[in-house]
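Under the UniProt record's numbering, the residues of the sequence shown are numbered 1 to 301, in order. Positions of the beta carbon are idealized from the N, C-alpha and C atoms, including for glycine.
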Amino acid sequence: MPSKIVSKEGRAGFGAYETWYRISGELDAGKAPVVILHGGPGAAHNYVDAYKLLARDGRAVIHYDQLGCGNSTLLPEKGADFWTPQLFIDELENLIDHLGIRGGFHVLGQSWGGMLGAEYGVTRPKGLKSLTIANSPASMKLWVEEANRLRTDLPKDVQETLTKHEQAGTTDDPAYQEATMRFYERHVCRVVPFPPEVTETFAQIVRNPTVYNVMNGPNEFHVIGTLKSWSVIDRLPAIDVPTLLISGRYDEATPATVQPFKDGIKGSRWQIFEHSSHMPHVEEQDLCMRVVGDFLDHNDN
């Protein structure tokens with residue numbers, strides 16, 4: 001097993017814009033490559049960096065920054081009508097053709113990336129061998145309901161701070177940000193302090209907030225953006241590739257938000273990581289890589 005993973009970066013033209021990508025391992029390694037869809041929306045690839053470890057077993061792993069964040073074209077002037085799930089499906093299709101992997105590839109989407117992955121799977125794209133939906137809700141209505149339920153378990157003073165600033169429209173206040181972090185340390189990443197790649201993703205959203213704020217809102221539980229009524233539940237039976245569902249025992253993507261995927265995608269299997277919240281790839285890294293790696297190996301043909 002190679003100890004060092006060789007990687008190379010590039011940029012794919014996407015209309016007038018560019019998508020930054022990084023390939024870990026070799027595209028001609030013999031196993032079908034896996035494309036990693038990051039969350040947010042607008043969180044960039046940093047916090048899902050660990051999935052490059054899948055390249056240790058001879059599989060190319062493709063990370064990219066979705067339009068509007070990270071190293072890809074930033075478009076802070078674009079409004080809500082521009083930032084749609086279809087835009088990001090089109091960007092993904094463009095990247096796959098740019099890389100020349102249409103003959104066979106896997107997709108792993110984390111959080112919003114899993115929502116996007118489900119949207120993509122519904123279209124039955126040519127070449128898709130499997131889909132991994134990691135830490136994602138099947139509808140934002142369920143997500144918000146569950147986030148509000150989890151929020152009631154926070155200390156009373158934290159809850160009061162959150163509510164006060166949401167009602168006043170002062171969600172950029174440092175006290176609100178600090179209260180938000182109490183939720184994140186329970187339900188987003190339980191490795192505290194956060195590892196550098198997770199910290200960098202949060203910093204990246206602060207630098208480039210457009211996509212996250214427009215589509216989601218100021219944070220993970222105060223969802224007031226364009227995705228607030230999003231759902232893929234009634235379309236899930238269209239997904240016709242092997243599908244792995246991942247969630248953590250303490251995940252903000254609670255079992256209630258994941259269950260519709262299990263019910264709607266024929267033959268899907270679901271792994272809950274008992275010591276993780278929203279980032280098993282960070283919190284239980286070795287086990288997560290083993291579970292995902294075995295699933296991909298099983299569905300290469």
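Exercise. Under a three-way DSSP split, which group does residue 10 fall into?
Worked result: Locating residue 10 in the sequence shown gives position 10, counting from the first residue. When DSSP states are grouped into helix, strand and coil, residue 10 belongs to the strand group.
For this session: Mind reading off the beta-carbon distance from residue 132 to residue 292? Whole number of angstroms is fine, and I expect it under 8 Å.
Result: Residue 132 sits at position 132 when you count from the first residue of the sequence shown. Residue 292 sits at position 292 when you count from the first residue of the sequence shown. Going by Cβ atoms, the distance from residue 132 to residue 292 rounds to 6 Å, so yes, they are a contact pair.
Exercise. Residue 261: which of 29, 86, 30, 122 sits nearest, CA to CA?
Worked result: Position 261 of the sequence shown holds residue 261. That would be 122, whose Cα lies nearest to the Cα of residue 261.
Exercise. Span of the alpha helix (DSSP H) holding residue 259?
Worked result: Counting from 1 along the sequence shown, the entry for residue 259 is found at position 259. Per DSSP, residue 259 belongs to the alpha helix (DSSP H) from 255 to 264.
Exercise. Among the residues of its own chain, which have a CB less than 7 Å from the CB of residue 4, if the five just before and after it don't count?
Worked result: Stepping through the sequence shown from its first residue, residue 4 is reached at position 4. Cβ within range, chain order: n/a, list empty.
For this session: Tell me residue 248's beta-bridge partners as DSSP assigns them.
Result: In the sequence shown, residue 248 corresponds to position 248, counting from 1. Answer is 273.
Problem set entry | DSSP bridge partner residues for residue 134 (one or two, in chain order) | Counted from its first residue, the sequence shown places residue 134 at position 134. Answer by DSSP bridge pairing, in chain order: 110, 246.
Exercise. If we cut at 8 Å on Cβ distances, does residue 32 have a partner in chain B?
Worked result: Among the protein chains of the structure shown there is no chain B, as only one such chain exists.
Problem set entry | Same chain only: Cβ atoms within 7 Å of residue 222, ignoring 5 sequence neighbours per side | Residue 222 sits at position 222 when you count from the first residue of the sequence shown. Spatial neighbours of residue 222 in its own chain (CB-CB distance under 7 Å, excluding positions within 5 residues in sequence) are listed in chain order as 166, 171.
Exercise. Among 113, 43, 125, which has the Cα closest to the Cα of residue 93?
Worked result: In the sequence shown, residue 93 corresponds to position 93, counting from 1. Minimum Cα distance to residue 93 is reached at 125.
Exercise. Can you give the beta carbon distance from residue 211 to residue 69, rounded, assuming they're within the 8 Å contact cut?
Worked result: Position 211 of the sequence shown holds residue 211. Position 69 of the sequence shown holds residue 69. Between residue 211 and residue 69 a beta carbon distance of about 6 Å is seen, short of the 8 Å cut, so the two are scored as contacting.
Exercise. Just how far apart, CA to CA, sit residue 44 and residue 201?
Worked result: Locating residue 44 in the sequence shown gives position 44, where the first residue counts as 1. Locating residue 201 in the sequence shown gives position 201, where the first residue counts as 1. Cα to Cα, residue 44 sits roughly 6 Å from residue 201.
Exercise. Beta strand (DSSP E) containing residue 21: first to last residue?
Worked result: As a working mapping, residue 21 is identified with position 21 in the sequence shown. Annotation: the continuous beta strand (DSSP E) that includes residue 21 extends over 17 to 24.
Problem set entry | residue 183 in three-state terms, based on DSSP | As a working note, residue 183 is residue 183 in the sequence shown. Helix.
Problem set entry | The alpha helix (DSSP H) enclosing residue 37, as first and last residue numbers | Position 37 of the sequence shown, counted from the first residue, corresponds to residue 37. Not the alpha helix (DSSP H): residue 37 falls in the beta strand (DSSP E), residues 34 to 37.
Exercise. Where does residue 101 fall in DSSP's three states?
Worked result: Along the sequence shown, one-based indexing puts residue 101 at 101. In the structure shown, residue 101 sits in coil (DSSP, three-state: anything other than H, G, I, E or B).
For this session: For residue 55, count neighbouring Cβ atoms within 10 angstroms of its own Cβ and tell me buried if that reaches 16, exposed if not.
Result: Taking the sequence shown and counting its residues from 1, one reaches residue 55 at position 55. Within a 10 Å sphere around the beta-carbon of residue 55 sit 16 or more other beta-carbons, which makes this residue buried.
Problem set entry | Where residue 1 sits in the DSSP three-state scheme | Within the sequence shown, numbered from 1, the residue matching residue 1 stands at position 1. Because the pLDDT of residue 1 is 41, which lies under 50, any placement of that residue in the model is unreliable, and the number read from its coordinates should be weighed accordingly. Residue 1 falls in the coil class under three-state DSSP.
Exercise. Would you call the region 99 to 111 and the region 31 to 42 touching, i.e. three or more CB-CB distances under 8 Å?
Worked result: Yes, they touch.
Exercise. Which same chain residues, not among the five before or five after residue 130, have their C-beta less than 8 Å away from its C-beta?
Worked result: Looking up residue 130 in the sequence shown gives position 130. Around residue 130: 106, 107, 241, 242, 243, 244, 295, 296, 299.
Exercise. Is it buried or exposed for residue 229, if we count other Cβ within 10 angstroms and need 16 for buried?
Worked result: In the sequence shown, residue 229 corresponds to position 229, counting from 1. Only exposed fits residue 229, as fewer than 16 other CB atoms lie within 10 angstroms of its CB.
For this session: Give the C-beta separation of residue 52 and residue 63 to the nearest angstrom, bearing in mind that I take them to be a contact with Cβ-Cβ under 8 Å.
Result: Translated into positions along the sequence shown, residue 52 becomes position 52. Translated into positions along the sequence shown, residue 63 becomes position 63. Residue 63 and residue 52 do touch by the CB rule: their CB atoms are close to 7 Å apart, below 8 Å.
Problem set entry | Span of the beta strand (DSSP E) around residue 63 | Within the sequence shown, numbered from 1, the residue matching residue 63 stands at position 63. Annotation for residue 63: the continuous beta strand (DSSP E) segment containing it runs 61 to 64.
Exercise. Residue 196: buried (16+ other C-beta within 10 angstroms of its C-beta) or exposed?
Worked result: The residue given as residue 196 occupies position 196 in the sequence shown. That one is exposed.
For this session: Please work out which residues of its chain come closer than 8 Å, Cβ to Cβ, to residue 79, disregarding the five sequence neighbours upstream and downstream, and give them in chain order.
Result: Position 79 of the sequence shown, counting from 1, holds the residue named residue 79. Excluding the 5 residues flanking it on each side, residue 79 has same chain C-beta neighbours closer than 8 Å at 214, in chain order.
Problem set entry | One or two residues paired with residue 54 in a DSSP bridge | For the purposes of this step, residue 54 is taken as the residue at position 54 of the sequence shown. Under DSSP, residue 54 takes part in no beta bridge, so it has no partner.
Exercise. Leaving out five residues before and five after residue 274 in sequence, what residues of the same chain have Cβ atoms less than 7 Å from its Cβ?
Worked result: As a working mapping, residue 274 is identified with position 274 in the sequence shown. Here the set comprises 249.
Problem set entry | Proximal residues to residue 173 (C-beta, below 6 Å), its chain only, five neighbours per side dropped | For this step, residue 173 is matched to residue 173 along the sequence shown. Only 165 meet the Cβ criterion.
Problem set entry | Separation of residue 181 from residue 264, as counted between CA atoms | Sequence index remark: in the sequence shown, residue 264 carries index 264 (1-based). Sequence index remark: in the sequence shown, residue 181 carries index 181 (1-based). Approximately 33 Å, taken between the alpha carbons.
Exercise. Under the DSSP definition of a beta bridge, which residues are partnered with residue 231?
Worked result: In the sequence shown, the residue the question calls residue 231 occupies position 231. Paired residue(s): 139.
Exercise. My guess is that residue 278 and residue 111 are in contact by the Cβ rule of under 8 Å, so how many angstroms apart are they, rounded?
Worked result: Position 278 of the sequence shown, counting from 1, holds the residue named residue 278. Position 111 of the sequence shown, counting from 1, holds the residue named residue 111. Their Cβ separation, rounded to whole angstroms, is 7 Å, which keeps residue 278 and residue 111 in contact under 8 Å.
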